[in-house]
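All remarks here apply to the structure that follows.
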Amino acid sequence: MTAGTKATREELLVHLEAWLNGKGKTFGAVFLSQPPDFDEINRVLTDYGRMLFRLGKAYYKYAETLNGVTSRRPILRRSIGAAWDLAFMCWNSLI
Numbered sequence: 005m006t007a008g009t010k011a012t013r014e015e016l017l018v019h020l021e022a023w024l025n026g027k028g029k030t031f032g033a034v035f036l037s038q039p040p041d042f043d044e045i046n047r048v049l050t051d052y053g054r055m056l057f058r059l060g061k062a063y064y065k066y067a068e069t070l071n072g073v074t075s076r077r078p079i080l081r082r083s084i085g086a087a088w089d090l091a092f093m094c095w096n097s098l099i
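This note's numbering applies: residue 5 is where the sequence shown begins, and numbers increase by one.
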């Protein structure tokens, strides 16, 4: 991963965390819980993705947010299929 990609992901995670805080949640409570609540994680990520899509944000912002989350918690990598499905469904509908 390049320094630019890492910086982009960190910035996007700051935005995700601010959004979570507005919902009365924290990054740690959602993504770092033991054991992970995969249903809650996917629900939070798809809600966030829908919000980004409604605001007209670029696909890469959501994709790199997902990559940033899984960089911080690698165990989630293969467990956020619903979030990736949303990404492909929403942004591909624009093509």
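Where a beta carbon is used, it is the ideal one built from N, C-alpha and C, also for glycine.
Please read these numbers as outputs of a predicted model, since none were measured by experiment.
Measure how close the beta-carbons of L16 and T69 come, nearest whole angstrom, since I'm counting them as under 8 Å. Counting from 1 along the sequence shown, the entry for residue 16 is found at position 12. Counting from 1 along the sequence shown, the entry for residue 69 is found at position 65. Confirmed, about 4 Å.
Spatially closest choice to A91 from R82, H19, E14, A62, by CA coordinates: Your numbering for residue 91 matches position 87 in the sequence shown. Checking every option, the nearest Cα to that of A91 belongs to A62.
Just verifying my parser: in three-state terms, what is the DSSP assignment at T41? Position 37 of the sequence shown, counted from the start, is the residue given in the question as residue 41. Checking the sequence, you will find Asp at residue 41 rather than Thr. If DSSP states are grouped into helix, strand and coil, D41 belongs with coil.
Check whether the Cβ of A91 lies closer than 6 Å to any heavy atom of the ligand FAD, and answer yes or no. The model on display carries no ligand, and the ligand FAD is accordingly not part of it.
Three-state class that DSSP yields for I79 in the structure shown: Taking the sequence shown and counting its residues from 1, one reaches residue 79 at position 75. Three-state DSSP puts I79 in a helix.
For A11, which of I79, G72, D43, F31 has the nearest alpha-carbon? On the sequence shown, position 7 is the one that residue 11 refers to. With distances taken between Cα atoms, A11 lies closest to G72.
Straight-line gap, F57 to K29 (C-alpha atoms, nearest Å): Looking up residue 57 in the sequence shown gives position 53. Looking up residue 29 in the sequence shown gives position 25. Their backbone Cα atoms lie some 21 Å apart in a straight line.
Assuming I84 and L49 make a contact with CB atoms under 8 Å, what is their CB distance in whole Å? To locate residue 84, count along the sequence shown from 1; it is residue 80. To locate residue 49, count along the sequence shown from 1; it is residue 45. Indeed they touch by this definition, with Cβ atoms about 6 Å apart.
Between the CA atoms of A86 and E44 - distance to the nearest angstrom: Taking the first residue of the sequence shown as 1, we reach residue 44 at position 40. Taking the first residue of the sequence shown as 1, we reach residue 86 at position 82. Those two C-alpha atoms are separated by around 11 Å.
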